Amino acid sequence: MGSGASKLDIGRETTLCMSVSARPSNFGTRFHNHLYAALGLDFVYKAFGVQDIAGVVAGIRALGVRGCAVSMPFKEAVIPLLDELDASAAAIGSVNTIVNTGGHLKAFNTDYTAIQILIERHALRRDARVVLRGSGGMGKAVASALRDAGFTRGVIVARNEGAGRELAARCGWDWHPTTPDIQDGDLLVNVTPLGMAGGPDEHTLAFTPEQIARAGTVFDVVALPGETPLIVEARRQGRPVVTGLEVVALQALEQFVLYTSVRPTDEQVQAAVAFART
Numbered sequence: 001m002g003s004g005a006s007k008l009d010i011g012r013e014t015t016l017c018m019s020v021s022a023r024p025s026n027f028g029t030r031f032h033n034h035l036y037a038a039l040g041l042d043f044v045y046k047a048f049g050v051q052d053i054a055g056v057v058a059g060i061r062a063l064g065v066r067g068c069a070v071s072m073p074f075k076e077a078v079i080p081l082l083d084e085l086d087a088s089a090a091a092i093g094s095v096n097t098i099v100n101t102g103g104h105l106k107a108f109n110t111d112y113t114a115i116q117i118l119i120e121r122h123a124l125r126r127d128a129r130v131v132l133r134g135s136g137g138m139g140k141a142v143a144s145a146l147r148d149a150g151f152t153r154g155v156i157v158a159r160n161e162g163a164g165r166e167l168a169a170r171c172g173w174d175w176h177p178t179t180p181d182i183q184d185g186d187l188l189v190n191v192t193p194l195g196m197a198g199g200p201d202e203h204t205l206a207f208t209p210e211q212i213a214r215a216g217t218v219f220d221v222v223a224l225p226g227e228t229p230l231i232v233e234a235r236r237q238g239r240p241v242v243t244g245l246e247v248v249a250l251q252a253l254e255q256f257v258l259y260t261s262v263r264p265t266d267e268q269v270q271a272a273v274a275f276a277r278t
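Residues in the sequence shown are numbered consecutively from 1, following the UniProt record's numbering.
This is the structure we're talking about:
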């Protein structure tokens with residue numbers, strides 16, 4: 001495995017965990033497998049690019065897969081296929097983690113937990129005016145975590161009027177269809193695929209340079225690449241940032257604990273993150 005972890009020894013008793021996404025990255029695979037090896041756990045983790053989420057869930061049941069991370073665009077579509085929603089997923093209506101216990105599939109949302117941690121870690125001001133672009137599953141997790149942390153002023157920017165208005169109403173915020181229609185925000189948050197490597201908009205900024213210049217903090221949940229165009233521009237302008245890599249590392253750690261019932265040390269987690277980024 002490198003970076004101090006021993007090679008995994010996979011056998012017929014090895015427990016399988018996995019992730020599903022339209023465009024999977026290697027971060028989760030490397031993060032989890034590094035920790036399995038470092039802690040001597042008989043687990044293995046594999047990422048899959050899929051389109052058939054119903055087939056995935058059937059496979060989890062049939063093969064006894066212990067855990068599955070769920071990424072865009074399946075975080076909401078997977079809900080009717082599962083047996084139980086943890087409060088973290090039920091309150092948001094979005095799932096990013098499935099835990100299989102003897103064929104019983106329970107859904108969680110560790111994105112929500114990660115955002116809660118980052119709000120405190122970065123000491124984000126509760127009186128900030130939030131401008132959050134996106135209204136999908138991740139958007140629900142981020143907006144809900146901000147709302148529950150006490151952010152009362154916000155705007156959801158979403159082309160999908162139904163989803164945008166619904167999320168805005170849930171948070172007690174406003175809705176606008178496009179960013180030019182809004183006033184400046186103190187906290188700019190991107191939860192769309194804009195800036196994602198390999199996508200059609202990988203070089204696109206989610207907010208204008210002028211909006212970034214007037215922001216207090218810029219937050220991009222996109223983790224691939226580690227430095228998105230939005231984060232690069234915000235750093236260039238000297239704006240404080242919260243990165244998608246921070247989100248993905250924290251939510252992956254909470255998934256790891258759910259799957260294995262083992263919580264690694266901070267040093268072990270830092271080593272796994274460093275390995276996953278190489």
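Here a beta-carbon is modelled for each residue, glycine too, at the ideal position from N, C-alpha and C. Quick caveat: nothing in here was measured; it's all calculated off a predicted structure.
DSSP, reduced to helix, strand and coil, places residue 21 within a strand of the structure shown. Within the region 128-188, the beta strand (DSSP E) runs of at least 3 residues that lie entirely inside it are, in chain order, 130-133, 154-157, 174-176. Three or more Cβ pairs closer than 8 Å define a contact, and the region 255-269 falls short of that threshold against the region 227-236. It is roughly 25 Å from the alpha-carbon of residue 155 to the alpha-carbon of residue 227. By the Cβ rule, the region 180-199 counts as touching the region 208-220, because three or more pairs are nearer than 8 Å. When the beta-carbon positions are compared, residue 149 and residue 117 stay at least 8 Å from each other.
In the three-state reduction of the DSSP assignment, residue 119 falls in the helix class. Considering only 255, 267, 196, the residue with the shortest C-alpha distance to residue 232 is 196. If you keep only unbroken beta strand (DSSP E) runs of at least 3 residues inside the region 8-76, you get 15-21, 43-49, 67-70.
If you draw a straight line from the Cα of residue 158 to the Cα of residue 58, it is about 32 Å long. Excluding the 5 residues flanking it on each side, residue 242 has same chain C-beta neighbours closer than 6 Å at 118, 122, 219, in chain order.
Residue environment analysis places residue 32 among the buried positions, since at least 16 neighbouring C-beta atoms fall within 10 angstroms of its C-beta. With a cut-off of 8 Å on Cβ pairs, the region 65-73 is in contact with the region 128-144, counting three or more such pairs. For the 8 Å CB-CB criterion, residue 169 and residue 151 do not form a contact. Restricting attention to 207, 107, 103, the CA atom closest to the CA of residue 63 is found in 103. Assignment of residue 262 by DSSP, reduced to helix, strand and coil, places it in the coil class.
Here the alpha carbon of residue 229 sits roughly 32 Å from the alpha carbon of residue 91.
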